[in-house]
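Following: one structure in structure tokens, then a few remarks.
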Amino acid sequence: CGVENIRRAESLNGNPLFMKALADLVQSHLKSNEPCSRQLTLRCPLCTNPTCGETKAFFSSQKL
Numbered sequence: 001c002g003v004e005n006i007r008r009a010e011s012l013n014g015n016p017l018f019m020k021a022l023a024d025l026v027q028s029h030l031k032s033n034e035p036c037s038r039q040l041t042l043r044c045p046l047c048t049n050p051t052c053g054e055t056k057a058f059f060s061s062q063k064l
């Protein structure tokens, strides 16, 4: 008993359109002069993990 036929789906890493989209995201982030997106600073609903809060505060307080 075991897997007899396994196939991997092609990843997007080598896709030119995917690479262009990632480059556009990076470029727009760098132009924004913000250390991180506002979404990164949001806490998960009911999150009480102190490390999570400290990490988010660290990234949001960084200067470019």
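At position 40 of the sequence shown (counting the first as 1) the number is 40 in UniProt numbering, and the numbers step up by one without a gap.
C-beta: ideal position from N, C-alpha, C; glycine also.
For residue i, which residues in the same chain have their Cβ closer than 8 Å to its Cβ, ignoring the five residues on either side in sequence?
i: C52; result: R43 and C44
i: S60; result: P35, C36, L40 and T41
Do you know offhand how far residue i's Cα is from residue j's?
i: E54; j: T48; result: 11 Å
i: G14; j: H29; result: 22 Å
i: A57; j: A21; result: 28 Å
Skipping 5 residues on each side, what residues in its chain have a beta carbon closer than 7 Å to that of residue i?
i: L64; result: N33 and P35
Beta-carbon separation of residue i and residue j under 8 Å?
i: F18; j: L12; result: yes
* To do: Counting only runs of 4+ residues fully inside the stretch 10 to 57, write out the alpha helix (DSSP H) ranges in chain order.
  => 16 to 32
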